[in-house]
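For the sequence shown, this note's numbering begins at 694 and goes up steadily by one. What follows is one structure encoded as structure tokens, with my remarks underneath.
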Amino acid sequence: MTREEYISKRQEMMNVAQQLVSEGKLEEFKAKKTEVEALDVQFEAEAKAQTELDALNAGVKVTSLENRSTLVIGRTIDSTINTVEGDDITNSKEYRKAFMDYVTQSKSMPSEFKNANANTKTTDVGEMIPETVLQRIIEKMESVGMILPLVTRTAIKGGVTVPTSSVKPTASWVAEGATSDKQKKTTGSITFAYHKLRCAVSVSLEVDEMALAVFETTLVNNVDEAMVKAIEQSILTGTGTGQPKGILKETVVAEQNVDIAADADITYDTLISAEAALPLAYEKDAIWFMTKKTFMAFVAMKDQVGQPIARVNYGINGKPERTLLGRNVILNDYMTSLGSTITEDTVVAFLFNPKDYILNTNFTMGIREYYDEETEDKIKKSVMLVDGKVVDKNSLVTVTKKNA
């Protein structure tokens, strides 16, 4: 008897049993119940025999099914599960359903899922939680998503020229009845291009069909994280060719760069010089950008009266809030740290108002799934059309470590 035949026949018998109960024919119901139990015993015996035969053919040792499976009216427990060493009974659908009931409804675990031995060992405790629940995809953590929320976001059509003001008019005091000179408003412009950002991940058909939900979820999250990481990298160091132009690729306004000699360390005076180079009109929203290693070089540093210049506070959400001389610090992994091997003049920290950087998105990120007809692999793809530029670089002050 095949499994399909057994399930079909048993369902028919159960429907008849239900009808008998509804009609109050309890004696006939008991007879039908006996038939169902006999069918269950027959199928279990046939399934066990077939499994043992398959195992013998494969040369695999067969484990005992005693105290491992029980047939209960109204629920079919697959007697073929856990018949071969190496299989885990906690992976079965029945066990996972029973475990869910145990957690959510405080129902006892069925006896067939408990060890017959009354002595509980440390290994038995682990069996209570299904193996599939314990499984996780362990990956190296990366810091992303700290810069993207700070920049200005737009959705301007690619190729459109956007005017930017380069000079602000000035007001003048005049005598009664007099007038002032008319001033010409000078404007510049920037043009956003189409830069395609694409991330595609392929998994084989076999792996995808057997994959757990945690694998699928992690796969999609990885695609999104990769896209965000690429965008943030371009915001800081993008070349502008085939990708957005980064903040550090802009030419700094005269006298708004502070150099650190190749054989010198960063000092309190370095910060003072950078703050002095920041124009007063731009100091309100300017923040520091650097790596965590660079920031930690300031932590033990004090000013001339003994006050620490770097602080790490914890806000109401419990997350660290870092400041240098009262100005917020945003950490990232995209820049070079102090102490690293430097082969050319390198910016190790900079002040900038992130609102002065515009990230323009023509096509918003989305996940699309399709099959590769040649290999039957499933592809998860995410595509964006994005460009970015600094629209006002007057808030940019860089700290550069010299190579020589």
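Each residue gets a CB set at the ideal place from its N, CA and C atoms; glycine is no exception.
Val714 has its alpha-carbon roughly 9 Å from the corresponding atom of Glu720. Here the C-alpha atom of Ala957 lies approximately 55 Å from the C-alpha atom of Tyr1063.
Under the three-state reduction of DSSP, Glu1014 is assigned to strand.
Contact check for Phe1045 against Val1090 passes: the beta carbons are separated by less than 9 Å.
Taking C-beta atoms as the reference points, Leu929 and Met1028 count as a pair closer than 9 Å. Residue burial is scored here from C-beta neighbours: Lys938 has at least 16 other C-beta atoms within 10 angstroms and is therefore classed as buried. A residue is called buried once 16 or more other Cβ atoms fall within 10 Å of its Cβ, and Ile953 is buried on that count.
Boundaries for Met989: no beta strand (DSSP E) harbours it, while the alpha helix (DSSP H) harbouring it runs 985-992, taken from the DSSP string.
In the DSSP assignment, Ser715 falls within the alpha helix (DSSP H) that extends over 696-715.
Beta-bridge partners assigned by DSSP to Glu1066: none are found. The beta strand (DSSP E) runs of length 3 or more contained entirely in the segment 940-966 are, from start to end of the chain, 950-953. For the pair Asn1053 and Ala791, the Cα-to-Cα distance works out to about 51 Å. In the DSSP assignment, Ile980 forms a beta bridge with Phe1045. The beta carbon of Asn1087 is closer than 7 Å to those of Val946, Pro972, Tyr975 in its chain, skipping five residues each way along the sequence. When the Cα atoms are used, Val916 and Ala969 turn out to be separated by approximately 42 Å. In the three-state reduction of the DSSP assignment, Ala1003 falls in the strand class. In the DSSP assignment, Met1077 forms a beta bridge with Leu890. Between the alpha carbons of Val837 and Gln949 lies a distance of about 28 Å. Spanning the alpha carbons of Gln1000 and Val1022 requires a straight line of approximately 18 Å. Under the three-state reduction of DSSP output, Pro803 falls in the coil class, being neither helix nor strand.
Look at Val1040 here: in three-state DSSP terms it is strand. Sequence-distant Cβ neighbours of Pro1013 in its own chain, meaning closer than 8 Å and more than five residues away, are Val1005, Asn1006, Tyr1007. Going by DSSP, Val1092 is part of the beta strand (DSSP E) stretching over 1090-1094. When secondary structure is reduced to three states using DSSP, Asn915 falls in the helix class. As DSSP reads the structure, Thr932 sits in a beta bridge with Lys938.
Beyond the five residues adjoining it in sequence on each side, Phe982 comes within less than 6 Å, by CB distance, of Ile1023, Phe1043 in the same chain, given in chain order. For Thr845, the uninterrupted beta strand (DSSP E) segment begins and ends at 845-847.
Assigned with DSSP and collapsed to three states, Pro842 falls in helix. Beyond the five residues adjoining it in sequence on each side, Asp1038 comes within less than 6 Å, by CB distance, of Thr1093, Lys1095, Asn1096 in the same chain, given in chain order. Between Thr695 and the set Glu739, Ala710, Gly1032, Lys718, the nearest pair of CA atoms involves Glu739. The alpha-carbon separation between Val921 and Val951 amounts to approximately 30 Å. Beyond the five residues adjoining it in sequence on each side, Ala893 comes within less than 6 Å, by CB distance, of Ile1072, Lys1074 in the same chain, given in chain order.
Partner residues in a beta bridge of Ile1035, as assigned by DSSP, do not exist.
In this structure, Leu890 lies away from Ile940, with their beta-carbon atoms at least 9 Å apart.
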